[in-house]
Every structure is written in structure tokens, then in C-alpha cells.
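Below is one structure, written out as C-alpha cells, with a few remarks after it.
Printed below as a string of C-alpha cells:
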């Protein structure tokens with residue numbers, strides 16, 4: 003039976019509607035790397051944190067369709083750090099960790115494989131042209147700790163995305179994000195400067211980073227998934 007790979011996450015991964023384009027989630031490009039060997043179910047939703055994804059019933063909806071042999075990719079953090087919103091905010095050292103463990107245990111109880119993905123980095127350069135190592139706060143590090151403690155496979159997309167942005171530099175890395183001048187796109191007549199959400203090009207690059215991380219992982223639970231990859235692009239500089 004063909005396994006399903008579910009994505010639980012936020013707007014950086016989510017499918018975007020026509021009114022949001024050219025904004026694109028990295029999850030929109032994952033299917034092409036697996037062909038018919040894996041079915042991608044991108045359940046990421048704009049604006050969600052580990053907390054609101056659960057309280058909105060999104061995790062429960064995934065579990066209704068989840069079966070033994072499936073994968074649950076878990077990537078949050080951007081909205082978890084919004085202290086001004088108690089419906090979404092989670093402390094990285096307490097509630098965020100507990101929530102991640104809830105996702106992990108739910109997938110394992112159903113015979114599936116949970117996979118943690120550290121938050122994809124925001125494009126945040128400081129005045130010296132260096133990337134902010136806390137571009138998504140303490141959440142990537144907290145996830146690493148949970149992965150180690152629970153023996154869960156983890157893909158360090160935060161680190162990989164920072165390497166990508168650094169290689170492109172301050173100006174060229176803007177092309178990965180929603181940077182549009184006014185009157186250049188009907189969906190954004192006033193223009194936009196957004197260093198969190200991806201352009202179509204940016205989403206393609208991040209999807210490649212995810213696939214690279216899968217391919218290079220030494221975690222035994224990902225061995226079968228590695229064998230199902232097709233058409234892997236290992237050079238993300240092009």
C-alpha cells in the first residue's frame with residue numbers, strides 16, 4: 003500500500019490559494035520528488051502554531067486518515083513565538099515541547115513515523131550582513147532537544163535554510179521571499195516586503211532542502227522513505 007506523508011505546519015509550508023500567489027508553501031513542491039511512490043497530504047495551515055493546530059482540530063483530522071506506515075512531518079515555530087496572541091503562543095521550553103511530544107506519540111500509536119523539521123528560517127540579516135541565529139527564536143533548538151529525548155528523526159531545515167540564504171547574500175536572497183514592488187502583481191497592488199513567506203522560487207528551494215535532508219539522514223526510520231525518492235536534486239544553488 004502506498005504510504006502517505008502528512009505535513010502538519012504553518013504558512014511556510016501550506017498550499018496557497020490564487021489570491022495569495024505568487025506566495026507559495028514549500029510543501030506544494032514535495033510531491034514531485036516522490037512521484038506515485040508516496041502520497042503527499044499537505045495539511046499545513048496559515049497562521050497555526052503547535053497549539054492552535056491542535057485546538058482547531060487539525061491534528062485530529064490528520065489522525066482520522068493516518069494509517070500504519072504513514073509519515074507525519076511536523077514543522078512549526080513561527081506562530082508559536084507570538085506572545086501577543088495567547089491562542090497561539092507557546093513557551094519553547096514547556097508547552098511547545100509538550101505539544102511536539104503529543105504529535106510524536108499520536109503518530110507512533112497509529113504505527114506511523116513522526117519526523118520533526120526545525121522551523122525554516124526567516125530572512126533576517128543584521129547590520130553586519132550576518133544572519134540572525136534567533137530568526138525563529140528558541141524554537142529550533144527546543145525541537146532538537148525533543149528529537150534527541152524522544153529518539154525522533156529530525157531534519158534541520160533551520161540550519162539548512164540559513165546556509166542557503168547566506169550563500170545567496172543579502173540582496174539575492176530576497177528573490178526567495180515575497181518582495182514585490184507596488185503595481186507589479188494584482189494580488190499585492192501596494193507591493194510587499196515579507197521575509198517569512200516564500201515566492202514560488204523560494205518554495206522550490208526549501209522543498210529541495212527538505213528532500214536533501216531526507217536523503218542525507220542516517221535515522222533508520224527514514225531509510226524506507228529515502229528509497230522512495232525520485233528525481234532528487236542535490237544542488238540547490240541553481
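Numbering (our numbering), first residue to last: 3 to 240.
Ideal Cβ positions, reconstructed from N, Cα and C, are used throughout, including at glycine.
Query, Result
"Ignoring anything shorter than 3 residues, give me the beta strand (DSSP E) runs that lie fully in the segment 50–112, in order along the chain.", "73–77"
"Helix, strand or coil: how does DSSP classify residue 116 here?", "strand"
"Within 8 Å: the Cβ of residue 133 and any heavy atom of the ligand ADP?", "Only the bare structure without any ligand can be found here, which leaves the ligand ADP out of the picture."
"From 47, 30, 105, pick the residue whose C-alpha is nearest to that of residue 41; which is it?", "30"
"For the putative contact between residue 121 and residue 142, defined by C-beta atoms under 8 Å, what is the C-beta separation to the nearest angstrom?", "5 Å"
"If residue 118 sits next to residue 148, beta carbons under 8 Å apart, how far is it from one beta carbon to the other, in whole angstroms?", "7 Å"
"Residue 21 to residue 36, Cα distance in whole Å?", "28 Å"
"Quick check: what's the CA-CA separation for residue 146 versus residue 185?", "42 Å"
"Could you give the residue range of the beta strand (DSSP E) that holds residue 10?", "6–11"
"Taking C-beta to C-beta, are residue 159 and residue 215 nearer than 9 Å?", "yes"
"Drop a sphere of 10 angstroms on the beta-carbon of residue 54, count the other beta-carbons inside from all chains shown, and report buried for 16 or more, exposed for fewer.", "buried"
"For the segment 197–216 and the segment 150–164, state whether three or more C-beta atom pairs, one from each stretch, are separated by less than 8 Å.", "yes"
"Is the segment 174–191 in contact with the segment 123–134, if contact means three or more CB pairs nearer than 8 Å?", "yes"
"Select from 46, 11, 71 the residue whose C-alpha is nearest the C-alpha of residue 39.", "71"
"Locate the beta strand (DSSP E) running through residue 153, then write down its first and last residues.", "Counting along the chain, residue 153 falls outside any beta strand (DSSP E), and DSSP gives it neither H nor E."
"Which of the three DSSP states is assigned to residue 200 in this structure?", "strand"
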